[in-house]
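Q: Note that the sequence shown covers residues 1 to 322 in full-length UniProt numbering. Backbone N, C-alpha and C define an ideal beta-carbon position, used for all residues, glycine too.
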Amino acid sequence: MSEVKKIAVLTSGGDSQGMNAAVRAVVRSALYRGLEVYGVQRGFQGLLNQDLRPMDLRSVGDIIQRGGTILQTARCKEFMTPEGQQRGADVLREQGIDGLVVIGGDGSYQGANKLSKLGIKTMGLPGTIDNDIPFTDFTIGFDTAVSIVVDAINKLRDTMTSHERSSIVEVMGRHCGDIALYAGLASGAEAILVPEVPFDLKDISLRMKENFQKGKRHGIVVVAEGVCSGDEVARSITEYSGIEPRVTVLGHIQRGGSPTHNDRILASQLADFAVQRLLEGDSGKGIGIIKGEFVATDIEKVVSTKKSFNLDLYNLALRLAQ
Ligand code: ADP
Ligand code: F6P
1 MSEVKKIAVL TSGGDSQGMN AAVRAVVRSA LYRGLEVYGV QRGFQGLLNQ DLRPMDLRSV
61 GDIIQRGGTI LQTARCKEFM TPEGQQRGAD VLREQGIDGL VVIGGDGSYQ GANKLSKLGI
121 KTMGLPGTID NDIPFTDFTI GFDTAVSIVV DAINKLRDTM TSHERSSIVE VMGRHCGDIA
181 LYAGLASGAE AILVPEVPFD LKDISLRMKE NFQKGKRHGI VVVAEGVCSG DEVARSITEY
241 SGIEPRVTVL GHIQRGGSPT HNDRILASQL ADFAVQRLLE GDSGKGIGII KGEFVATDIE
301 KVVSTKKSFN LDLYNLALRL AQ
């Protein structure tokens, strides 16, 4: 087993709050353990462009509280090809780098898996607001994104209540309804529309009308973008009930701002665990936390498994939304 002496870290795909905290923890954990660390600028694109720089303690100072990623991120088509992946592995070998930590979402994990198959010791850290990576209860950035949505709904509720109106709030989540689910439950939403569970818009519209008639002064529907647009939901509600909801699309605001303490701590712990595993000679793993335990799962298994949806939480939200 070859010893790991020099590692690199990159951020890839959609950014998320807490990526900086993860970069900082990778760099400082590695330096603490006597390793050399390089930062790759702009994800896999930067790897192909050989855009690497040595990282020291000060290079990751004053970033734990910042959104975005100091390493920048990118989407790289060339890296989707076997030739691109081979070149990526070659660049790492030419630079004498023995291990790579990839911080990103499911697409970035696919890339990390390819590099691992080409013999590079690779670790994936789940950096995405969507919480759509399996074998971890939470991804880095999810907690902050949910807080942003909850804060927005709190504000919407004030004006909704004054006007006795309803609001449709469209949130991120192309294939995963977790942001909608957690934010919807935490905000007392009347309905939560997610790609994982079928729903009946006529039923939701008529229930909303009845609730207004019974004295409720606001109605909130949270819809994950992967289901349909907020405008489409609003049109259906108007058609079935005559109610004219206002639509708010939160968009990329959900991906910015200072990470919550939960995301900073999660990022720090997972990154430290990843570095430790690399030093122990482990590779080709996706790092996560399950019921408080840190876990390293074969990245091949991570990318070929769909994250299960928390139906208990969904049903709880339904029971409480009356
Ligand atoms: P995320 O990591 O947020 O899901 P993307 O899906 O855009 O973001 O993926 C980020 C990058 O990961 C892509 O631009 C590409 O370079 C790389 N990637 C995605 N899928 C694959 C794949 N199947 N094989 C190799 N690289 C991939
Ligand atoms: O980071 C994941 C995600 O936020 C998805 O929920 C969303 O659809 C997508 O990224 C949009 O990202 P971009 O605009 O960067 O393509």
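What is the residue span of the beta strand (DSSP E) that M123 lies within?
A: That run of the beta strand (DSSP E) goes 121–126.
Q: Suppose the cutoff is 6 Å on Cβ atoms and the five residues either side in sequence are ignored; what does the same chain contact list for F309 look like?
A: The answer, listed in chain order, is E196.
Q: If you count every other CB in all the chains shown that lies within 10 Å of the CB of N131, and 16 or more means buried, which is it?
A: Buried, by the Cβ-count rule.
Q: In the DSSP assignment, the beta strand (DSSP E) including A8 goes from what residue to what residue?
A: Start and end: 6–11.
Q: Kindly indicate which residue of E3, L92, G256, D231 has the alpha-carbon position closest to the one of L35.
A: Of E3, L92, G256, D231, the residue nearest in Cα terms is E3.
Q: Candidates I299, L311, K306: which alpha carbon is nearest M123's?
A: For the residues I299, L311, K306, the minimum Cα distance to M123 belongs to I299.
Q: Grab me the residues of residue 325's own chain with a C-beta within less than 6 Å of its C-beta, minus the 5 sequence neighbours each way, in chain order.
A: Coverage of the chain is limited to positions 1 through 322, which leaves residue 325 absent and any answer about it impossible.
Q: How about G226 and V249: are their beta carbons less than 7 Å apart?
A: Contact: no.
Q: Between R33 and the rest of its own chain, which residues show a CB-CB distance below 7 Å, the 5 nearest in sequence each way excluded?
A: V275, L279.
Q: Since E190 and N211 are thought to touch, with beta carbons under 8 Å apart, how far apart are those beta carbons, to the nearest angstrom?
A: Indeed they touch by this definition, with Cβ atoms about 7 Å apart.
Q: Might you give, ordered along the chain, the residues of its own chain that have their beta carbon closer than 6 Å to the beta carbon of K202, omitting 5 neighbours on each side?
A: Once the five neighbours on either side are set aside, the close Cβ partners of K202 are Y240.
Q: State yes or no: is the C-beta of R75 nearer than 6 Å to some heavy atom of the ligand ADP?
A: The answer is yes for R75.
Q: Pair every Cβ in the segment 283–301 with every Cβ in the segment 132–140, then say whether three or more of these pairs are closer than 8 Å.
A: In short, these stretches touch, since the Cβ pair count reaches three.
Q: For K202, decide whether its Cβ has a neighbour in chain C, counting only Cβ atoms nearer than 7 Å.
A: Checking the listed chains, one finds no chain C in this structure; it contains a single protein chain.
Q: Report yes if the C-beta of A51 is less than 6 Å from at least one heavy atom of the ligand F6P; otherwise report no.
A: Reading off the sequence, residue 51 comes out as Asp, not Ala. Flag unset: Cβ of D51 not near the ligand F6P.
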